[in-house]
Amino acid sequence: MLFKAISSDSNFTHSKKDRDQYDHHARDAATISLISNNTKSLYNTLNIDNDVNYFITPSNEVVWERTLTGEIVTQPSLKELQQFIKVNEIADVISQKIGNKWYELKNEVKFSRKPKLKNNTALFNDTLYSYKFDDNNKDQIVKIEKLSLYDEQKIAKYFKNDIDDNDCENLLLYNSHRFNYNKLKSIYNDEQFKGKNPFVIYMNHLKTLTNLPKEVNSEFIDKMINNKKFILFNDTFDKYEIIKYLKYKSDSKDINNVKFRTVNNSNIGFYESFNSLGAIVLSNGINFKKIPINFEIIKFGSIDTNKLTLQDIDHKLLEKYMSKNNIDKTYKTVCIAKSGDLLVSINKLNEVEFLYISSFTSSNQNIELKLINQKTEKRIRKSVDQLFKGTNYIPVEKTILGNSLNEVKNIWGIKNK
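If you read the sequence shown in numbering that gives the first Met the number 0, its first letter stands for residue 0, the second for the next number, and so on.
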C-alpha cells in the first residue's frame, strides 16, 4: 500500500510491476526491510504515549499533558522531544502521500494468509458419553445423554400428562427413582406452575416457602437457577435434592464406530464424531469417493502428519473401513486431500479464482472450500465428484505465484491481464 501511495506521486518514477514474475516480491521485501531497519525505533514510539502537548500557567510554569486524556505528565527529555518531532514528520509525509486516496486504496489492496495444513485438530469430539451395552446385541451400545430440566423443548417429551409410560422407559430416573420422577411430573403439570417452563416457575415459588432449610434462601435459589440446577423439595420430610441433569437413553452405536476412553483397563465412556486430518480420495474410473483420515485408518504417533502420504495409511484398517461402509474393491486410492490444499477454478465471470480446502464433513461426501483472498457469507460445499471430475477444479501443486499461475491459465486458454 505504501509503495502504491508513493508511486502515485508524479515526481516518482519506477518500473512497472509484472505480477507474472517473481522479482516484484523481492523488490517489495527489500523496500519494506529498508524502511523497517531505518525507522523501526521511530515507528515503535508512534503511539498514544507520545501524544503530548504543553501549556503555560498564569505563573509562567510549563505543564505537559496528554492531548487525549488530559493527564499531566513529566516534562519530556530533549531526546524524547527530538524523537517525537521525527515521528510526526514521518507521519506527515505518509499522510501527504496517501491524502484522500485511502478509500480508493483499501479497495485495491488485498490481504491474505498462506493456508496451512491444520494437523493439530482433536481426533474426535471432546464430549465423553456414558453408555450401556445392548442386551440383545453384544456389538451395540446404547448412548446415554444428559437432559437439563431447563430445556423447555426436550422436557415436555418426558413429563407431559398425556404421555404414555412406555415413552418414559428411556429416562433412567423413571426406572431407578420412580418417586422423584412422579414428583417432577406433578410439578410440571401443576396449574400453579403453568408457563414456559414450569420448573423455573417452581424454583421461584420456593422463595415464598417458610419451611425450607435455612441455607435454601433466595440467594441460593438464584444461584441454582443461574447454574441450571434444580432443587427438588420434599415437603413431607423438609429435605431437598439438587438435580443437575437427568440422563436418558439415546441412539444405538456399533462398538466399531466409537472410541472408548479407558482408565485402569476399564471403559468409562466413549467419544464419537471423529475429526479428520484430511481425506483419502478413491475412484473406480468413473466416480469418486472420500474416506476420512482419522484414527480408524491411521496409526498416529509414528508418522509425520505434516507430510502425510498414501504410504502412511494402514491398508488393513482401510480395507476394514471400506468393507464396513460398503465401498467395493473397484475403488482405488487416487490421492490424499488435506485441509489447506489449494485449488484453482474459473468462475462464472471467466475469472481465475483460488480456493483452499477448509474442512471435511464426516457424514457425507462433501468438502468445504473457502476463497483464498476474500470472505463469503455463503458456505462453499462441493462433492468429491465435483472437485475431482474433469477440470472444474485443479489442485495447485506448486506456489500460486508466478509461473504456476501462468500454467493454470494456459489450461483454460485465458490470456494474462
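All C-beta atoms in this analysis are idealised placements derived from N, C-alpha and C, irrespective of residue type, glycine included.
Every value quoted in this text rests on a predicted model; they were computed, and no experiment measured them.
Using CA coordinates, which residue listed in the options is at the minimum distance from residue i?
i: Leu245; options: Thr332, Ile393, Asn135 and Leu148; result: Leu148
i: Asn196; options: Leu172, Thr207 and Ile224; result: Ile224
i: Tyr128; options: Leu183, Tyr201, Asn266 and Ser185; result: Asn266
i: Gly268; options: Val61, Tyr130, Leu170 and Asn391; result: Tyr130
i: Asp339; options: Tyr355, Lys388 and Thr329; result: For the record, residue 339 in the displayed sequence is Gly; it is not Asp. It is Tyr355 whose Cα lies nearest to the Cα of Gly339.
i: Lys145; options: Ile345, Lys137 and Ser249; result: Ser249
i: Asn391; options: Lys347, Lys377, Arg378 and Phe236; result: Lys347
i: Arg380; options: Glu367, Phe192 and Lys374; result: Glu367
i: Leu341; options: Gln310, Ile393, Ile200 and Lys159; result: Ile393
i: Ser185; options: Asn136, Glu214 and Phe158; result: Phe158
i: Asn180; options: Arg378, Gln373 and Cys167; result: Note on identity: in this sequence residue 180 is Tyr, with Asn being the wrong assignment. That would be Cys167, whose Cα lies nearest to the Cα of Tyr180.
i: Asn203; options: Lys213, Pro212 and Phe192; result: Phe192
i: Glu151; options: Ile200, Thr261 and Ile312; result: Ile200
i: Gly194; options: Ser217, Ala155, Asp161 and Thr207; result: Ala155
i: Phe259; options: Glu60, Phe132 and Lys315; result: Phe132
Would the beta-carbon of residue i fall within 8 Å of that of residue j?
i: Tyr187; j: Phe178; result: no
i: Ser357; j: Lys369; result: yes
i: Lys288; j: Gln364; result: yes
i: Val280; j: Cys334; result: yes
i: Lys238; j: Gly277; result: no
i: Ile140; j: Lys252; result: yes
i: Phe387; j: Pro291; result: no
i: Gly222; j: Ile241; result: Note on residue identity: the sequence assigns Lys, not Gly, to residue 222. No, these two residues do not count as a Cβ contact at 8 Å.
i: Asp384; j: Asn324; result: no
i: Ile220; j: Leu231; result: no
Who does residue i pair with in a DSSP beta bridge?
i: Cys334; result: Val280
i: Ser147; result: Paired residues: none, contrary to the question.
i: Ile339; result: The residue asked about is misnamed: residue 339 is Gly in this sequence, not Ile. Answer is none; Gly339 lacks a bridge partner.
i: Ile162; result: Per DSSP, none; premise fails for Ile162.
i: Phe198; result: DSSP, once it has assigned bridges, lists no residue as partnering Phe198.
i: Pro291; result: Ala278
i: Phe132; result: Ile140
i: Ile393; result: Val343
i: Ser322; result: In DSSP, Ser322 forms no bridge with anything.
i: Ser358; result: Glu367
i: Ser251; result: Val141
i: Phe178; result: Looking at the DSSP assignment, Phe178 forms no beta bridge with any residue, so it has no partner.
i: Leu245; result: Leu146
i: Glu352; result: Ser344
i: Ile55; result: Val61
i: Leu170; result: Tyr247
First and last residue of the beta strand (DSSP E) that includes residue i?
i: Asn233; result: Phe229 to Asn233
i: Lys238; result: Lys238 to Ile242
Between which two residues does the alpha helix (DSSP H) holding residue i run?
i: Arg378; result: Looking at the DSSP string, Arg378 is not in any alpha helix (DSSP H), and its letter there is neither H nor E.
i: Ile224; result: Ser217 to Asn225
Give a yes or no on whether 8 Å exceeds the smallest Cβ distance from residue i to chain D.
i: Ile292; result: Here there is only one protein chain, and chain D is not present.
Since residue i contacts residue j with CB under 8 Å, what's their CB separation in whole angstroms?
i: Phe353; j: Ile371; result: 4 Å
i: Tyr434; j: Asn283; result: Because the chain is modelled from 0 through 416, residue 434 falls outside the range shown and cannot be assessed.
i: Asp234; j: Asn210; result: 7 Å
i: Leu171; j: Tyr247; result: 6 Å
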